[in-house]
Structure formats: structure tokens, C-alpha cells
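Accompanying notes for the structure given below.
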Amino acid sequence: LHGTHVAGIIAANGRIQGVAPEATIIAYRALGPGGSGTTEQVIAAIEQAIKDKVDVLNLSLGNNVNGPDLPISMALNKAVE
1 LHGTHVAGII AANGRIQGVA PEATIIAYRA LGPGGSGTTE QVIAAIEQAI KDKVDVLNLS
61 LGNNVNGPDL PISMALNKAV E
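Throughout the sequence shown, residue numbering follows UniProt numbering, covering 1 to 81 in sequence.
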């Protein structure tokens, strides 16, 4: 539900418009039911978005450990390149 809400803020194009009403939203399944998943699933979604030449990624992930050498951080750095 959170991702749907964020997509509406970004691309709503009805009577109330989002910040980018002409944007195309592409959803990638990175987490399973209940919002749980693996690092590998998240990286696979990021890599597919790179292949699809997506311009902007929004990942609303909760994590208590972050760092530049962690696999998801490295995948996102690759996406920026």
C-alpha cells in the first residue's frame, strides 16, 4: 500500500495532480507478502529497472544497517552510473 500511495503522490493526473503527472509508473515486485523479502530479490528488481532504462527509482525500504559496501547500496550505485 505504501508504494501505491507514493506512486499517487508522484504521478496522479486527475483533478488533483501529483508532482509529475506525465510520469509513467513501472512497478517491480521486490518484496513478498507482508513486506518481507531477501537482498537478492531487491537487487533483482533494481537490475531489471536498470535493464528497462528507468530514470528514477523509489525504494521505500526499512533497514537498520546501511553502508556503501552492502549489496543493495552497491546495486543502487550501479543504477546511478
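C-beta atoms are modelled at their ideal positions from N, C-alpha and C, and glycine is treated no differently.
It should be emphasised that the depicted structure is a prediction, and the values quoted were computed from it without experimental measurement.
query                                                                                : result
Beta bridge counterpart(s) of glutamine 41 as assigned by DSSP                       : The partner list for glutamine 41 (beta bridge, DSSP) is empty, contrary to what the question assumes.
Candidates Arg15, Gly14 and Ile25: closest to valine 6 by CA position                : Ile25
Length of the line joining the Cα atoms of asparagine 63 and isoleucine 72           : 11 Å
Beta-carbon spacing of alanine 49, leucine 57 below 8 Å                              : yes
Span of the alpha helix (DSSP H) around isoleucine 11                                : Checking the sequence shown, residue 11 turns out to be alanine, not isoleucine. Counting along the chain, the alpha helix (DSSP H) containing alanine 11 begins and ends at 2-11.
C-beta contact flag for glutamine 41 and leucine 31 at 8 Å                           : yes
Buried or exposed (CB count within 10 angstroms, at least 16 for buried), residue 84 : The chain is shown only over 1 to 81; residue 84 falls outside these bounds and no answer can be derived.
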